[in-house]
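Down below is the structure, laid out as structure tokens.
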Amino acid sequence: MRVFLLAAGLGTRLRPLTYAKPKALMPVANRPSIVRLLDLLKPYAIKETFINLHAFPEEIKDEIGGGSWWNMKVHYSYEPELMGTAGAIKKIGMFLADDRFILVNADIVTDFDIRNAIDFHDKSGARATLIMAEPRSKYSDQLISVGEDGRVLIEKSKMDRVKSGIYTGIGIFEPSVIKMIPHGYSSLIDSILIPLAKEGSLFAYFQDGYWIDIGELDRYIQANKDLISGKTCLPIDGRLVGDNIWIDESAQIDLTVEIEEPALIGKGACIERGVKIGPYAVIGKGCFIDKNARIANSIIWDKCEIARSVTIDGSIVTGSEGITPGKRIIKSILNDGITEPLFGI
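Reminder that position 203 of the sequence shown reads as 202 in numbering that gives the first Met the number 0, one-by-one numbering, no gaps.
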């Protein structure tokens, strides 16, 4: 069995963050989302994983490498022009043609154990199985109807006992679907999912566990909050020193620092006297927080330097440029020295 991670998207709804790095490398509790997915897949003894690339391809290659950390071989498929979710499959179709494969969107965070979903797929005779989550208000326009036998329904009668859910961005596909995809740009929905649903060979499996799509700013922030507050089974890099307070053993923290849970302080961080951290604060690896700074409800990316007496609340900081002593960064994104408001979050 192989895995194909879709990581080529531009991440326009995450801008300005995706001006700095691709959405697949968005740090979630100090670990890139695509790394968290590979960590999740490691126990499945996946021998080969394919990753499609477009924006920031070298950055993703540098982060993932050849896959030896996960005991798998990682191959990359660069798309000078985006091929679409189905076109991306067609492009590497020859490498997926001899066995079922798992398709995964790289901008999700989950702790799913999909072994039961794989068993369901094998027993159902499906050509594709979508892994589903229960309906949520923010995804109400993306609901998919599923019949009592697990088939995805395009049209349903009054007699059908129907359950609704949302596609999580994880699917199990038989190699026969590759022949359905035209050459060039094409979408998964139009080229594969709708035709399979019409022929009755598209199934859905409802999966328990934590799942969130981080393709928008509010959900990216929420994922970071969820992880550090213990709402998932996902690992946190650091030692648990209190109720949802995680500190890497290499961090240097002055004894006067006050930390309110939940909070995460990353590897090699240095925090000076009088600083207050939390609640809901993620401090990236290698950050320096100068005296009397205050950071709450915020995500600070790796290697940021926060000047003395700075206040950061409800914000995301991707770099050090523009952070002068005493500066207040409230409900904003600071990226490349430019501060932009975080509307509606």
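Ideal Cβ placement from N, Cα and C applies to all residues, glycine included.
Secondary structure at residue i, three-state DSSP: helix, strand or coil?
i    : result
T84  : helix
V281 : strand
G66  : coil
P15  : coil
R327 : strand
V176 : helix
E260 : coil
V161 : coil
M365 : Since the first residue shown for the chain is 0 and the last is 344, residue 365 is missing from the structure and cannot be characterised.
G92  : helix
R307 : coil
F119 : helix
For residue i versus residue j, is the C-beta spacing smaller than 8 angstroms?
i    : j    : result
I299 : V281 : yes
R1   : F100 : yes
N334 : T317 : yes
D212 : G149 : no
Y77  : L95  : no
A125 : L201 : yes
A6   : I33  : yes
Y279 : L13  : no
Between the options, which has its C-alpha nearest residue i's C-alpha?
i    : options                   : result
L254 : I276, D121, G183 and G237 : I276
T48  : W69, L333 and R293        : W69
T128 : A105, V108, L152 and R135 : L152
S314 : K122, A96, N115 and L216  : L216
A222 : G10, P56 and N29          : N29
A54  : Y18, D118, A196 and E271  : Y18
P21  : E62, K41 and A44          : E62
F287 : K266, P278 and A7         : K266
N257 : R238, I294 and G199       : Per the sequence shown, residue 257 should be read as Glu rather than Asn. With distances taken between Cα atoms, E257 lies closest to I294.
Once the 5 residues before and after residue i are set aside, which same chain residues still bring their CB inside 7 angstroms of it?
i    : result
R307 : D289, K290, N291, A292 and P324
D242 : E260
I117 : I171
I'd like the list of long-range same chain contacts for residue i, defined as Cβ closer than 6 angstroms, with 5 residues on each side in sequence excluded.
i    : result
K302 : G285
I264 : I246, A250 and I282
L9   : A54
I270 : I252, V256 and I288
Starting from the C-beta of residue i, find all residues in its chain whose C-beta is less than 8 angstroms away, skip the five residues before and the five after it, and write them out in chain order.
i    : result
I143 : L129, M131, V151, S163, G164, I165, Y166 and A203
I322 : C303, E304, I305, A306, V309, V316, I328 and L333
V27  : R35, V108, I213, Y219, A222, N223 and L226
For the region 170 to 187 against the region 220 to 227, do three or more pairs of beta-carbon atoms, one drawn from each stretch, fall closer than 8 angstroms, so that the two count as touching? no
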